[in-house]
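Heads up, the thing below is written out as structure tokens.
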Amino acid sequence: MELGCSKSSISLWVRDLPKPEPRYSPEEQRALMNEGLAHLRAAQDRERQATKEKAAAEVGALTERELFLVGVGLYWAEGSKDKPYARRENVAFVNSDPGMIKVFLRWLDLLGVERERVRYYVMIHENADVAGAEQYWADLVGANHSAFNKTTLKKHNPKTVRKNVGDSYRGCLVIKVRQSADLYRRIEGWWSGIALGSPTSSGKV
3 MELGCSKSSI SLWVRDLPKP EPRYSPEEQR ALMNEGLAHL RAAQDRERQA TKEKAAAEVG
63 ALTERELFLV GVGLYWAEGS KDKPYARREN VAFVNSDPGM IKVFLRWLDL LGVERERVRY
123 YVMIHENADV AGAEQYWADL VGANHSAFNK TTLKKHNPKT VRKNVGDSYR GCLVIKVRQS
183 ADLYRRIEGW WSGIALGSPT SSGKV
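The opening position of the sequence shown corresponds to residue 3 in the numbering used here, with each subsequent residue numbered one higher.
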């Protein structure tokens, strides 16, 4: 140290000196800290949004082939699948993300699936805004309630602390295509073609 003394010695010398009054009260310190955190989070949110918007612009308009391949991938990730022990050769897609639902319906349109063959139903917790969710999904897909089957209500478990609550929670939408065994087999074949045709080594995008 510049004085040539240890901290312990200096502490003994100055311990009886009056301590300066704090510049801010504890309440003011908390308020300043919260204000600083709010500014930091706002800056982080702007950075996140800018990154997302830039990435979205990089995609651009999809060609029909690109939409076709995206739809096959979406279905194989989120759609029902046939099993040797449980034959389910029918097209059924479940998701809670409105963007996924829109892309899937665009894909069905591309495949020439008539909307008259498409049925919907909502799966949602019983203590949510069921009527609001039903109307939300009907508006999103552009269908009247006659195209919807009865909503499936999930029983509420009071021991479970759910995160999917509030006005933004609308459950999941199930989309089923009637008389779709042949379509399902084609989807399975398309996915097999994608999987077999994928390169084994990864390259840069």
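Glycine residues also receive a C-beta, built at the ideal position from the N, C-alpha and C atoms.
DSSP, read as helix, strand or coil, puts L113 in coil. Taking the C-beta atoms as reference points, I103 is found no nearer than 8 Å to V74. Taking the Cβ atoms as the reference, L110 lies roughly 11 Å from L69, outside the contact range of under 8 Å. Beta-bridge pairing by DSSP links I126 to L155. If you check the CB distance, V179 and Y122 do not come in under 8 Å. Within the model, the alpha-carbon separation for I196 versus W139 is close to 31 Å. Contact between the stretch 183-198 and the stretch 147-155 is absent, with fewer than three C-beta pairs closer than 8 Å.
Between E80 and N97, the C-beta spacing is below 8 Å. The Cβ atoms of I126 and G173 sit closer than 8 Å to each other. As the crow flies, the alpha-carbon of Q31 is around 32 Å from that of S8.
Residue pairing for F95: DSSP places it in a beta bridge opposite G81 and I177. Per DSSP, the beta bridge partners of V120 are V179.
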